[in-house]
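Visitor:
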Amino acid sequence: MTTPTSSRGRRRAPTRIERAAGRAAALQRPRVILALLLLLALTCVMLLDGYLRAEVGGDQRVRSGADSSEVPDAILDGGPILTFRGGRATTVSVPAKTIALTFDDGPNPTWTPQVLDILRKYDVPGTFFLVGSMVSRYPGIVRTMVEEGNEVGVHTFTHVDLSYQSASRVDREMEQTQLALAGAAGITTTLFRAPYSSETDAIDDYSWPVYQRLGKDGYTSVFVDTDSDDWKRPGVSDIVKWATPKGTQGASVLFHDAGGERSQTIAALPQYIEKMKAKGYTFTTISGVMERQRAADGRAAGGGTPAGPRLQAAHHRATGLTLYEGKALIAAVAVAEWTVPALSVGLAIVGAAVLGRFGMMLVLARRHHRQRNRRRSGWGPAVTGPVSVIVPAYNEKECIANTLQSLARSTHPIEIIVVDDGSTDGTSRIARDAAESLGMTNVRVVRQENAGKPAALNNGVRHASYDIVVMMDGDTVFEPDTVRHLVQPFADPSVGAVAGNAKVGNRTTVIGAWQHIEYVMGFNLDRRMYDLLRCMPTIPGAIGAFRREAVLAVGGMSEDTLAEDTDITIAMHRAGWRVVYQEHARAWTEAPGSLKQLWSQRYRWSYGTMQALWKHRKSLTDRGPSGRFGRVGMPLVVVFQVVTPLFAPLIDVFTAYSMIFVDFRAALLAWLAVLGVQLLCAAYAFRLDREKYRYLLMMPLQQLAYRQMMYLVLIHSCVTALTGGRLRWQKLKRTGEVGTPAGAG
Numbered sequence: 026m027t028t029p030t031s032s033r034g035r036r037r038a039p040t041r042i043e044r045a046a047g048r049a050a051a052l053q054r055p056r057v058i059l060a061l062l063l064l065l066a067l068t069c070v071m072l073l074d075g076y077l078r079a080e081v082g083g084d085q086r087v088r089s090g091a092d093s094s095e096v097p098d099a100i101l102d103g104g105p106i107l108t109f110r111g112g113r114a115t116t117v118s119v120p121a122k123t124i125a126l127t128f129d130d131g132p133n134p135t136w137t138p139q140v141l142d143i144l145r146k147y148d149v150p151g152t153f154f155l156v157g158s159m160v161s162r163y164p165g166i167v168r169t170m171v172e173e174g175n176e177v178g179v180h181t182f183t184h185v186d187l188s189y190q191s192a193s194r195v196d197r198e199m200e201q202t203q204l205a206l207a208g209a210a211g212i213t214t215t216l217f218r219a220p221y222s223s224e225t226d227a228i229d230d231y232s233w234p235v236y237q238r239l240g241k242d243g244y245t246s247v248f249v250d251t252d253s254d255d256w257k258r259p260g261v262s263d264i265v266k267w268a269t270p271k272g273t274q275g276a277s278v279l280f281h282d283a284g285g286e287r288s289q290t291i292a293a294l295p296q297y298i299e300k301m302k303a304k305g306y307t308f309t310t311i312s313g314v315m316e317r318q319r320a321a322d323g324r325a326a327g328g329g330t331p332a333g334p335r336l337q338a339a340h341h342r343a344t345g346l347t348l349y350e351g352k353a354l355i356a357a358v359a360v361a362e363w364t365v366p367a368l369s370v371g372l373a374i375v376g377a378a379v380l381g382r383f384g385m386m387l388v389l390a391r392r393h394h395r396q397r398n399r400r401r402s403g404w405g406p407a408v409t410g411p412v413s414v415i416v417p418a419y420n421e422k423e424c425i426a427n428t429l430q431s432l433a434r435s436t437h438p439i440e441i442i443v444v445d446d447g448s449t450d451g452t453s454r455i456a457r458d459a460a461e462s463l464g465m466t467n468v469r470v471v472r473q474e475n476a477g478k479p480a481a482l483n484n485g486v487r488h489a490s491y492d493i494v495v496m497m498d499g500d501t502v503f504e505p506d507t508v509r510h511l512v513q514p515f516a517d518p519s520v521g522a523v524a525g526n527a528k529v530g531n532r533t534t535v536i537g538a539w540q541h542i543e544y545v546m547g548f549n550l551d552r553r554m555y556d557l558l559r560c561m562p563t564i565p566g567a568i569g570a571f572r573r574e575a576v577l578a579v580g581g582m583s584e585d586t587l588a589e590d591t592d593i594t595i596a597m598h599r600a601g602w603r604v605v606y607q608e609h610a611r612a613w614t615e616a617p618g619s620l621k622q623l624w625s626q627r628y629r630w631s632y633g634t635m636q637a638l639w640k641h642r643k644s645l646t647d648r649g650p651s652g653r654f655g656r657v658g659m660p661l662v663v664v665f666q667v668v669t670p671l672f673a674p675l676i677d678v679f680t681a682y683s684m685i686f687v688d689f690r691a692a693l694l695a696w697l698a699v700l701g702v703q704l705l706c707a708a709y710a711f712r713l714d715r716e717k718y719r720y721l722l723m724m725p726l727q728q729l730a731y732r733q734m735m736y737l738v739l740i741h742s743c744v745t746a747l748t749g750g751r752l753r754w755q756k757l758k759r760t761g762e763v764g765t766p767a768g769a770g
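For the sequence shown, counting from 1, position 721 maps to 746 in the numbering used here; every step adds exactly one.
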């Protein structure tokens, strides 16, 4: 005999909402990771740019006056070219009537090309000791330099005095410069000149070990015989005189093609070349000098091949991994060179826009407050007729009784329509019991299959008995006079919708206090500005009122977007209705109690706002009221709700970067100045709403936390939009702690 299988113990099949939530959760993590990776990439780009400009890892120390007792006399008194053939230190002098023109600190996009033009004109080669960071920034100049037969050497990557650096830092300076040369010109070099070096007699006990170590690695260190001192800008005649060797002596001569203003160098160089050629001098590279020395050594040894390994030209073709790493470095620097200035300009523009917005908010908010609070100011005859209050509810067992209890105290006649959107926690039963216990005969509970908030609101509108409908959330409580204040603007026949003043009730926690600041400053102060500009983008779902005919005329609450409140508000504007803000109509709502819930809510708002803006994009070209919103309201929303938050974390990154690597005091003062402006706006907003100022103590931390979070939320939203993702009405966990308006203060 077969026993029927019991239903007890079976796993319940997930509902459509649960499946959608599961898919959303599965997609959320990679999107968050993508946002974090993007922020990390931008930070790395900034650090790379700072490293190239010696802001990161820069070391301005220069050693002088050190003892040289450990340096061999033969080196101190020797020629300007130091080699370590066979492991033995040897110097090479420049032959008589020979000049090895050398240039330090390049390449520079202004001066180096002019130097190359002069060398090309006089058919004179030069040896350029290049700074690796500059090579990576201007690879094209180096490529041209090498192709025209000039020689290049390493001048470190960041122009630091190597005598102060660790062995690993020395290796890094050399290797990074070689990679830059490989990426720029496809070569590496064996030539090296230390920053801040001069003649060999300046080698001291601190720098000597560095030269020995580099010599073992195959580097030839190059010093000078005569120094033009062109960096001092003494005048063209002095530069030419100081660069000229005595008699017929050969010399390694130092000029600079970068590191400052070099117009005197450019003027002196042709005169110097002409002067030395007139005296019978020839010009060669450092390798040319060494080749002549090799030939002389060969002749001295009997005309055969010189003893020891044959010296080769300084350049070697880069191959394999070195070449690819070099090209990758050049590419990364190119990205940094474009990205960081662009970000700087973008941040400057955003900063100016934000400060301008703050100024506009203060001026317009004050004007709005004065207009709306004049004793004789009004909308027309008082609106006293009954209105319908629609309460969409999905699993609101913790809050629905408090909501109905607050509506029971309403000083304005109302009917209440609770639309239970397929709740599974007994919300409809609790609503009926609460209405019965409160003796409320004006409450109707309408049940429907789960279809989402827009469908619940539309169902409520269809059941409404009156021409004005008030919409609120199932976790919100009204003050006794809220409905009365909210409906008064409808005395003006041009008003189609009214936004109320949503306030955070559960503000005792850090997250609650942060949201309290956001609601008072970021939402209500904004709404005053948008009201006067007649382009309010959103009527809050927690408290808003509509003409029923206007709602039906625009097709009701749309399910096309996650932000049905923003969607219908824009639709109202486009239909020619006026949307206003009523600051005295206060509603107390339960804000998300955890960062996870806050993320979910802000994600829905952010993504829904993007959807609504895209849906109504044609308002940009419309005429009349629709065009007014498109050309005034939409740009404001895009700039300050999408673009600005995307730049927000970079403000903190740039500030931290500047504090650590550039100018701590200036960066800190700039950040405090911006915070001061924000505090001023927030304080004024709190004054208008008659809120306690103590919550503003949380604002510095709130600004830091919210900026990062909103960046991640917006990236999440953008990725969702690009991938075609879609979410349904999301349910946040409620506690029911917002019981009465009085308890929220």
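All C-beta atoms, glycine included, are put in the ideal place defined by N, C-alpha and C.
#1: Please report the Cβ distance between Val117 and Ile228, rounded to the nearest whole angstrom; I am assuming they are in contact, meaning their Cβ atoms lie under 8 Å.
#2: Which same chain residues end up closer than 7 Å to Leu368 when comparing Cβ atoms and leaving out the 5 residues on each side of it in sequence?
#3: For Leu101 and Glu224, what's the separation of their Cα atoms in angstroms?
#4: So, for Leu336: in the same chain, excluding its five sequence neighbours on each side, which residues have a beta-carbon less than 6 Å away from its beta-carbon?
#5: Can you name the start and end residues of the alpha helix (DSSP H) that His598 belongs to?
#6: Can you look up Asn526 in the DSSP assignment and give me helix, strand or coil?
#7: Could you give the first and the last residue of the continuous beta strand (DSSP E) run that contains Ile568?
#8: In angstroms, rounded to a whole number, what distance separates the CA positions of Ala133 and Gly285?
#9: Is the beta carbon of Met496 closer than 7 Å to that of Ala415?
#10: Check whether the stretch 206-226 touches the stretch 175-184, taking contact to mean three or more Cβ pairs, one atom from each stretch, closer than 8 Å.
#11: In chain order, what residues of the same chain lie with their CB nearer than 6 Å to the CB of Gly157, ignoring the 5 residues before and after it?
#12: Which runs of the beta strand (DSSP E) fall wholly inside the stretch 133-177 and span at least 3 residues, in chain order?
#13: Run the CB neighbour count on Ala767, radius 10 Å, all protein chains shown included, and call it buried at 16 or more, exposed below.
#14: State buried or exposed for Glu461, treating a residue as buried only when at least 16 other CB atoms are found within 10 Å of its CB.
#15: What are the boundary residues of the alpha helix (DSSP H) that includes Trp233?
#16: Is the distance from the Cβ of Ala268 to the Cβ of Tyr297 below 7 Å?
#17: What's the call for Ala338, buried or exposed, on a 16-neighbour Cβ count within 10 Å?
#18: Could you check the C-alpha separation between Ser413 and Glu440 for me, to the nearest Å?
#19: State the DSSP-derived secondary structure class of Gly376, mapped to helix, strand or coil.
#20: Please state the DSSP three-state secondary structure of Pro417.
#21: Could you give the distance in angstroms between the alpha-carbon of Gly601 and the alpha-carbon of Arg642?
#22: Give me the DSSP bridge partner(s) of Arg469.
#23: How many angstroms separate the CA atom of Ala66 from the CA atom of Ala698?
#24: Kindly provide the ranges of any beta strand (DSSP E) runs that are 3 or more residues long and lie completely inside the stretch 254-328, ordered along the chain.
#25: So for Val247, helix, strand or coil by DSSP?
#26: Thinking Pro528 and Trp613 are a contact (beta carbons under 8 Å), I'd like their distance in whole angstroms, please.
#27: Run through the DSSP bridge pairs and tell me what Phe128 is partnered with.
#28: Determine the DSSP secondary structure at Tyr491, reduced to helix, strand or coil.
#29: Can you tell me where the alpha helix (DSSP H) with Ala610 in it begins and where it stops?
#30: Assuming Asp186 and Val249 form a contact by the criterion Cβ under 8 Å, report the distance between their Cβ atoms to the nearest whole angstrom.
#31: Taking all protein chains shown into account, decide if Pro406 is buried (16 or more other Cβ within 10 angstroms of its Cβ) or exposed.
#32: Verify whether the separation of the beta carbon atoms of Pro417 and Leu482 is less than 7 Å.
#33: Indicate the three-state DSSP secondary structure (helix, strand or coil) for Met546 in the structure shown.
#34: Name the DSSP beta bridge partners of Met385, please?
#35: Could you give the first and the last residue of the continuous alpha helix (DSSP H) run that contains Arg653?
#36: Alpha carbons only, please: which of Leu623, Thr594, Ala524 and Gly313 is nearest the one belonging to Ile536?
Guide: In this structure, then:
#1: Mapped onto the sequence shown, residue 117 falls at position 92. Mapped onto the sequence shown, residue 228 falls at position 203. Contact between Val117 and Ile228 is ruled out by a C-beta separation of about 15 Å, above the 8 Å threshold.
#2: As a working note, residue 368 is residue 343 in the sequence shown. Within the same chain, Leu368 has close Cβ partners Leu675.
#3: Translated into positions along the sequence shown, residue 101 becomes position 76. Translated into positions along the sequence shown, residue 224 becomes position 199. The alpha-carbon separation between Leu101 and Glu224 amounts to approximately 8 Å.
#4: Taking the sequence shown and counting its residues from 1, one reaches residue 336 at position 311. Confidence at Leu336 is low in this model, with a pLDDT of 34, below 50, so its placement is unreliable and the value that follows should be read with caution. Cβ-Cβ distances below 6 Å link Leu336 to Met315 and Arg319 in the same chain, with the five nearest sequence neighbours on each side left out; the list follows chain order.
#5: On the sequence shown, residue 598 is found 573 positions in, with the first residue counted as 1. It spans Glu589 to Arg599 - the alpha helix (DSSP H) in which His598 sits, taken as one unbroken run.
#6: Along the sequence shown, read from residue 1 onward, the residue named residue 526 stands at position 501. Correct three-state label for Asn526: strand.
#7: What you label residue 568 is simply residue 543 of the sequence shown in a count that begins at 1. That run of the beta strand (DSSP E) goes Ile568 to Arg572.
#8: For the purposes of this step, residue 133 is identified with residue 108 of the sequence shown, where counting begins at 1. For the purposes of this step, residue 285 is identified with residue 260 of the sequence shown, where counting begins at 1. The amino acid at residue 133 is misidentified as Ala; the sequence shows Asn. Gly285 has its alpha-carbon roughly 9 Å from the corresponding atom of Asn133.
#9: Here residue 415 corresponds to residue number 390 of the sequence shown, with the count starting at 1. Here residue 496 corresponds to residue number 471 of the sequence shown, with the count starting at 1. One point to set straight first is that residue 415 is Ile, not Ala, in the sequence displayed. Cβ distance < 7 Å, so Ile415 and Met496 count as in contact.
#10: In short, these stretches touch, since the Cβ pair count reaches three.
#11: For the purposes of this step, residue 157 is identified with residue 132 of the sequence shown, where counting begins at 1. Leaving aside the five residues that flank Gly157 on each side, the residues in its chain whose CB is nearer than 6 Å to its CB run, in chain order, Phe182, Gln201, Thr202 and Ala205.
#12: When DSSP assignments are scanned along the stretch 133-177, the uninterrupted stretches of beta strand (DSSP E) that are 3 or more residues long and fall wholly within it turn out to be 152-155.
#13: If you number the sequence shown from 1, residue 767 lands on position 742. With a pLDDT of only 43 at Ala767, under 50, the local geometry of the prediction cannot be trusted, and no value is derived from it.
#14: Taking the first residue of the sequence shown as 1, we reach residue 461 at position 436. Glu461 should be labelled exposed.
#15: Stepping through the sequence shown from its first residue, residue 233 is reached at position 208. Following the DSSP letters along the chain, one finds Trp233 inside the alpha helix (DSSP H) bounded by residues Trp233 to Lys241.
#16: The residue labelled residue 268 in the question sits at position 243 within the sequence shown. The residue labelled residue 297 in the question sits at position 272 within the sequence shown. Yes; because the gap between Cβ atoms is below 7 Å, this pair is in contact.
#17: Start at 1 with the first residue of the sequence shown, and residue 338 comes out as number 313. Under a 10 Å Cβ-count criterion, Ala338 is classified as exposed, with fewer than 16 other Cβ atoms of the shown protein chains found around its own Cβ.
#18: On the sequence shown, position 388 is the one that residue 413 refers to. On the sequence shown, position 415 is the one that residue 440 refers to. Rounded to whole angstroms, the separation of the alpha carbons of Glu440 and Ser413 is 5 Å.
#19: As a working mapping, residue 376 is identified with position 351 in the sequence shown. Reduced to three states, the DSSP call for Gly376 is helix.
#20: Within the sequence shown, numbered from 1, the residue matching residue 417 stands at position 392. Here Pro417 sits in strand by DSSP.
#21: Along the sequence shown, read from residue 1 onward, the residue named residue 601 stands at position 576. Along the sequence shown, read from residue 1 onward, the residue named residue 642 stands at position 617. Distance between the alpha carbons of Gly601 and Arg642 is about 16 Å.
#22: Mapped onto the sequence shown, residue 469 falls at position 444. Assignment of beta-bridge partners to Arg469 by DSSP yields Ile442.
#23: Within the sequence shown, numbered from 1, the residue matching residue 66 stands at position 41. Within the sequence shown, numbered from 1, the residue matching residue 698 stands at position 673. Distance between the alpha carbons of Ala66 and Ala698 is about 28 Å.
#24: Qualifying beta strand (DSSP E) stretches, in chain order: 276-281 and 307-309.
#25: Counting from one through the sequence shown, the residue named residue 247 turns up at place 222. In the structure shown, Val247 sits in a strand (DSSP, three-state: E or B).
#26: Position 503 of the sequence shown, counted from the first residue, corresponds to residue 528. Position 588 of the sequence shown, counted from the first residue, corresponds to residue 613. According to the sequence shown, residue 528 is Lys rather than Pro. With 8 Å as the limit, Lys528 and Trp613 qualify as a contact, their Cβ atoms being about 5 Å apart.
#27: Along the sequence shown, one-based indexing puts residue 128 at 103. According to DSSP, Phe128 shares a beta bridge with Phe153 and Phe280.
#28: Against the sequence shown, residue 491 aligns to sequence position 466. Looking at Tyr491 - three-state DSSP - the assignment turns out to be coil, as it is neither helix nor strand.
#29: Within the sequence shown, the letter at position 585 stands for residue 610. In the DSSP assignment, Ala610 falls outside any alpha helix (DSSP H) and lies within the beta strand (DSSP E) extending over Arg603 to Thr614.
#30: Against the sequence shown, residue 186 aligns to sequence position 161. Against the sequence shown, residue 249 aligns to sequence position 224. That belief does not hold up - the Cβ atoms of Asp186 and Val249 are roughly 17 Å apart, past 8 Å.
#31: Counting from one through the sequence shown, the residue named residue 406 turns up at place 381. Burial call: exposed.
#32: What you label residue 417 is simply residue 392 of the sequence shown in a count that begins at 1. What you label residue 482 is simply residue 457 of the sequence shown in a count that begins at 1. For Pro417 and Leu482, yes; Cβs fall inside 7 Å.
#33: The count along the sequence shown starts at 1 and reaches residue 546 at position 521. Here Met546 sits in helix by DSSP.
#34: As a first step, residue 385 must be located in the sequence shown, where it is residue number 360. Answer is none; Met385 lacks a bridge partner.
#35: Within the sequence shown, numbered from 1, the residue matching residue 653 stands at position 628. Per DSSP, Arg653 belongs to the alpha helix (DSSP H) from Gly649 to Arg653.
#36: Stepping through the sequence shown from its first residue, residue 536 is reached at position 511. Ranked by Cα distance from Ile536, the first of Leu623, Thr594, Ala524 and Gly313 is Leu623.
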